[in-house]
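Structure record follows, encoded as structure tokens.
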Amino acid sequence: MMRVAFLALMGLQLAASPGAGEERGSYEETGSYVVTGDAIMQPLVGGKGDPVRGAALIADRQRSLCTLCHSGPFPDAHLHGTLAPDLTGVGARLSEGQIRLRVVDMKRLVPNTIMPSYYRVADEQGRRVATVWRSKPILGGADIEDIVAYLTTLKG
Amino acid sequence: MHALWRLAAVAVAAVCGIVSAAGIEDGEKRSGFDFMAPATQALQADDMSNPGMLWVLQGEQLWQQAQGRADVACSGCHNDARQTMRGVAARYPAFDAATGRPIDLAGRINSCRAERQQAEPLAPESDALLALTAYVTHQSRGMPITPATDARLARFRDNGRRLFQSRIGQLDLSCASCHDDNWGKRLGGSVIPQAHPTGYPLYRLEWQTVGSLQRRLRNCMIGVRAEPFAFGAAELVDLELHLMDRARGLLIETPAVRP
Numbered sequence: 027m028m029r030v031a032f033l034a035l036m037g038l039q040l041a042a043s044p045g046a047g048e049e050r051g052s053y054e055e056t057g058s059y060v061v062t063g064d065a066i067m068q069p070l071v072g073g074k075g076d077p078v079r080g081a082a083l084i085a086d087r088q089r090s091l092c093t094l095c096h097s098g099p100f101p102d103a104h105l106h107g108t109l110a111p112d113l114t115g116v117g118a119r120l121s122e123g124q125i126r127l128r129v130v131d132m133k134r135l136v137p138n139t140i141m142p143s144y145y146r147v148a149d150e151q152g153r154r155v156a157t158v159w160r161s162k163p164i165l166g167g168a169d170i171e172d173i174v175a176y177l178t179t180l181k182g
Numbered sequence: 281m282h283a284l285w286r287l288a289a290v291a292v293a294a295v296c297g298i299v300s301a302a303g304i305e306d307g308e309k310r311s312g313f314d315f316m317a318p319a320t321q322a323l324q325a326d327d328m329s330n331p332g333m334l335w336v337l338q339g340e341q342l343w344q345q346a347q348g349r350a351d352v353a354c355s356g357c358h359n360d361a362r363q364t365m366r367g368v369a370a371r372y373p374a375f376d377a378a379t380g381r382p383i384d385l386a387g388r389i390n391s392c393r394a395e396r397q398q399a400e401p402l403a404p405e406s407d408a409l410l411a412l413t414a415y416v417t418h419q420s421r422g423m424p425i426t427p428a429t430d431a432r433l434a435r436f437r438d439n440g441r442r443l444f445q446s447r448i449g450q451l452d453l454s455c456a457s458c459h460d461d462n463w464g465k466r467l468g469g470s471v472i473p474q475a476h477p478t479g480y481p482l483y484r485l486e487w488q489t490v491g492s493l494q495r496r497l498r499n500c501m502i503g504v505r506a507e508p509f510a511f512g513a514a515e516l517v518d519l520e521l522h523l524m525d526r527a528r529g530l531l532i533e534t535p536a537v538r539p
């Protein structure tokens with residue numbers, strides 16, 4: 027019963043948030059960030075990311091997992107998934123801040139999406155998260171900044 | 281206010297990770313076989329080249345071997361498997377009155393060992409258990425999956441469906457996210473099949489050996505960074521029940537080959 031009440035509370039919060047202007051997301055393990063509309067304008071950590079590192083990370087199927095679902099101008103095209111939009115030209119379609127929010131927490135925009143929320147520790151209760159991954163975001167803030175820095179260079 | 285609560289309910293469903301999965305239409309149901317490259321299909325189709333047949337042959341021998349303190353073979357009770365085991369795998373898991381729970385074929389083989397042969401259980405994924413399971417299931421090859429109708433199975437099957445639709449692991453995906461909603465698309469280099477348990481135990485090229493359905497389910501759980509259920513866990517058997525129900529009408533292929 028406690029849990030139901032808690033979820034209802036979270037549900038209300040989610041239901042109330044779209045279009046509510048600025049909102050602060052705060053997660054113990056991931057630091058906090060400010061969502062403005064459908065974007066996160068400020069870097070998650072420190073300064074600008076490194077696009078070269080970002081490119082390498084996207085190509086790393088074990089760590090970032092991006093190419094399991096997405097295709098794009100990345101190496102090993104035959105190993106790219108077809109579950110998600112092609113990321114070619116994403117830097118022309120979306121602003122830096124929009125890309126950042128999509129990697130950080132796609133569920134905020136598409137609640138039922140299969141794209142994992144990379145910078146959010148989901149409610150883990152009942153989800154059997156494996157011990158090594160428990161209470162951790164999929165990627166750290168610096169990794170995400172590198173990926174964002176790289177994706178913004180993909181102009182077409 | 282009322283509208284807000286409705287919105288909240290939708291959000292709660294999303295937070296709980298229950299996907300309102302549409303499922304797969306009957307006319308669209310396809311075995312994993314149909315998604316494979318022609319060379320892999322050919323490997324399965326020809327008994328002389330299908331590596332899984334080695335396990336079936338080993339199972340045929342084990343069927344005949346007296347075991348345990350009772351010193352009796354499977355054939356001592358069940359005679360010729362080609363007759364007595366025909367169609368059995370097509371309706372498993374079945375209700376086990378002794379435990380009041382569903383039991384899968386490997387579980388039944390081990391319970392026969394304990395109760396009738398008075399022998400030690402065979403370890404999960406051991407060659408002997410895979411061989412016997414493959415041999416028994418092979419007797420149903422070409423027969424349609426027809427799940428047992430026992431009403432006592434219903435709540436376990438429902439639990440299996442719930443598990444299939446629940447998001448798990450750090451990646452927060454459900455079985456249905458891939459196998460109901462995205463089958464036919466590619467995850468990395470692999471085509472996502474519909475998850476029909478038509479061919480188990482089967483020879484998987486990636487494993488370079490034969491493995492059980494439970495091994496496959498554990499692999500998918502590990503893939504989404506979840507703690508897999510232990511071999512033999514009640515949850516895995518409940519999932520198997522749901523998978524057989526989803527696959528109703530498809531033909532048993534054991535021993536199948538998969539990439």
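Those protein sequence lines, which keep their order, are chains A and B.
The numbering used here puts the first residue of the first sequence at 27, with every later residue one more than the last.
The numbering used here puts the first residue of the second sequence at 281, with every later residue one more than the last.
Backbone N, C-alpha and C define an ideal beta-carbon position, used for all residues, glycine too.
- For A506(B), the CB contacts under 7 Å within the same chain, skipping 5 residues up- and downstream, are I448 and G449 in chain order.
- Annotated three-state conformation of S58(A) is strand, per DSSP.
- At least one CB atom of chain B sits nearer than 7 Å to the CB of P142(A).
- Following the DSSP letters along the chain, one finds T489(B) in no alpha helix (DSSP H) but inside the beta strand (DSSP E) bounded by residues T489 to G491.
- Assigned with DSSP and collapsed to three states, F375(B) falls in strand.
- The distance from the Cβ of A386(B) to that of L409(B) is about 6 Å, consistent with a contact at the 8 Å cut-off.
- For R528(B), no Cβ of chain A is located within less than 7 Å of the residue's own Cβ.
- For the 7 Å CB-CB criterion, M524(B) and I425(B) form a contact.
- When Cβ-Cβ separations below 7 Å define contact, D314(B) makes no contact with chain A.
- Assigned with DSSP and collapsed to three states, Y483(B) falls in strand.
- By the Cβ test, the segment 390-410 of chain B is not in contact with the segment 516-532 of chain B, since fewer than three Cβ pairs between them sit closer than 8 Å.
- By the rule that beta-carbons nearer than 7 Å mark a contact, R146(A) does not touch chain B.
- Of all residues in the segment 466-478 of chain B, only R466, L467, G468 and G469 place a beta-carbon less than 7 Å from a beta-carbon of chain A.
- According to the DSSP assignment, P77(A) belongs to the alpha helix (DSSP H) that extends over P77 to A85.
- In terms of CA proximity to S420(B), R362(B) leads the group I389(B), G469(B), L443(B) and R362(B).
- Close partners of A506(B) in chain A (Cβ separation under 8 Å): R153, R154, V155 and A156.
- Listed in chain order, the positions of the segment 75-107 of chain A with a beta carbon within less than 8 Å of a beta carbon of chain B are R87, L91, T93, L94, C95, H104, L105, H106 and G107.
- Interface with chain A (7 Å Cβ-Cβ cutoff): G449(B) is included.
- Put simply, the CB of N390(B) is far from chain A, with every gap to its CB atoms at 7 Å or more.
- Along the segment 105-134 of chain A, the positions whose C-beta sits under 7 Å from a C-beta of chain B are L105, G107, T108 and L109, read in chain order.
- When Cβ-Cβ separations below 7 Å define contact, S457(B) makes contact with chain A.
- With a threshold of 7 Å between beta carbons, D452(B) makes contact with chain A.
- Bridge pairing for L531(B): P424(B) [DSSP].
- Contact of N499(B) with chain A is not assigned, every C-beta pair being separated by 7 Å or more.
- Bounds of the alpha helix (DSSP H) holding P318(B) are P318 to A325.
- If one requires a minimum length of 4 residues, the alpha helix (DSSP H) runs lying completely within the segment 488-527 of chain B are 493-503 and 514-526, in chain order.
- A Cβ of chain A is located within less than 7 Å of the beta carbon of N462(B).
- For A65(A), DSSP records a beta bridge to T62(A).
- Taking the Cα of P111(A) as reference, the smallest distance to any Cα among D102(A), E122(A) and T93(A) is reached at T93(A).
- For V136(A), the secondary structure class from DSSP, reduced to helix, strand or coil, is coil.
- In this model, D461(B) and G303(B) are separated by some 8 Å (Cα to Cα).
- Residues A374 and F375 of the same chain have their beta carbon placed closer than 8 Å to that of D430(B), with the five preceding and five following residues left out of the count.
- For I66(A), there are no neighbours in chain B by C-beta distance under 7 Å, as the nearest C-beta there is about 20 Å away.
- Within chain B, the residues whose beta carbon sits less than 7 Å from that of I164(A) are Q450, listed in sequence order.
- By the C-beta criterion, the segment 481-493 of chain B is judged not to be in contact with the segment 129-140 of chain A, since fewer than 3 inter-stretch pairs fall below 8 Å.
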